[in-house]
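**Student:** In this note's numbering, the protein residues as written are 7 to 113.
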Amino acid sequence: MDHVNSLEFRGQEGIAKSVAIHAAVFPDLRIDVDDQVSEADRVVSRWTLSGTHKCRRVTLPGITISRFQDGRIAEDWTVSDNLALLQQLGLRRGLALGARFLAGRLR
């Protein structure tokens with residue numbers, strides 16, 4: 007099971023789907039592992055995704071915690087700064103409108 011922010015991908019097919027989604031959005035996708043720490047059955051990886059979407063170059067830092075079982079990854083938890091990604095893609099206006107909408111709904 008791969009937990010990516012609010013999404014879940016199951017099995018090898020799920021991982022392949024996750025990679026395909028990212029590769030479609032960023033044809034020149036690159037993920038660099040910046041740091042790794044292991045403890046017992048867990049490995050924590052701090053990474054940076056970079057790529058270009060419609061002529062906009064973006065970088066996205068993230069953290070993944072992987073749990074191993076029988077020498078294979080049994081489960082992953084990934085968190086990244088999607089707000090920063092949306093801002094880099096030029097979606098600030100949509101974010102502002104969304105914030106106004108939510109503020110109005112909370113009153």
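Glycine included, C-beta positions come from ideal geometry on N, C-alpha and C.
Starting from A80 and walking both ways along the beta strand (DSSP E), at which residues does that stretch end?
**Tutor:** 78 to 86
**Student:** What whole-angstrom Cβ distance do T54 and P67 have, given they're in contact under 8 angstroms?
**Tutor:** 5 angstroms
**Student:** Please classify S72: is it buried, with 16 or more other beta-carbons within 10 angstroms of its beta-carbon, or exposed?
**Tutor:** buried
**Student:** How far does the alpha helix (DSSP H) with G17 in it reach, from first residue to last?
**Tutor:** 17 to 31
**Student:** Determine, using beta-carbon pairs with one atom in the segment 51 to 65 and one in the segment 79 to 98, whether at least three such pairs fall under 8 angstroms.
**Tutor:** At 8 angstroms Cβ cutoff, the stretches touch.
**Student:** Using DSSP's beta-bridge definition, name the partner residues of Q75.
**Tutor:** In the DSSP secondary-structure assignment, Q75 is bridged to R78.
**Student:** Compare the Cα-Cα distances from N88 to each of V43, E81, A30, I69 and report the closest residue.
**Tutor:** Residue I69 is the option with its Cα nearest to N88.
**Student:** Give me the Cβ distance between D41 and R52, rounded to the nearest whole Å; I'm assuming they're in contact under 8 angstroms.
**Tutor:** 4 angstroms
**Student:** Do V50 and S44 have their C-beta atoms within less than 9 angstroms of each other?
**Tutor:** yes
**Student:** I'd like the list of long-range same chain contacts for L35, defined as Cβ closer than 6 angstroms, with 5 residues on each side in sequence excluded.
**Tutor:** H28, A29, G57
**Student:** Could you pull the start and end residues of the beta strand (DSSP E) that D40 belongs to?
**Tutor:** 36 to 45
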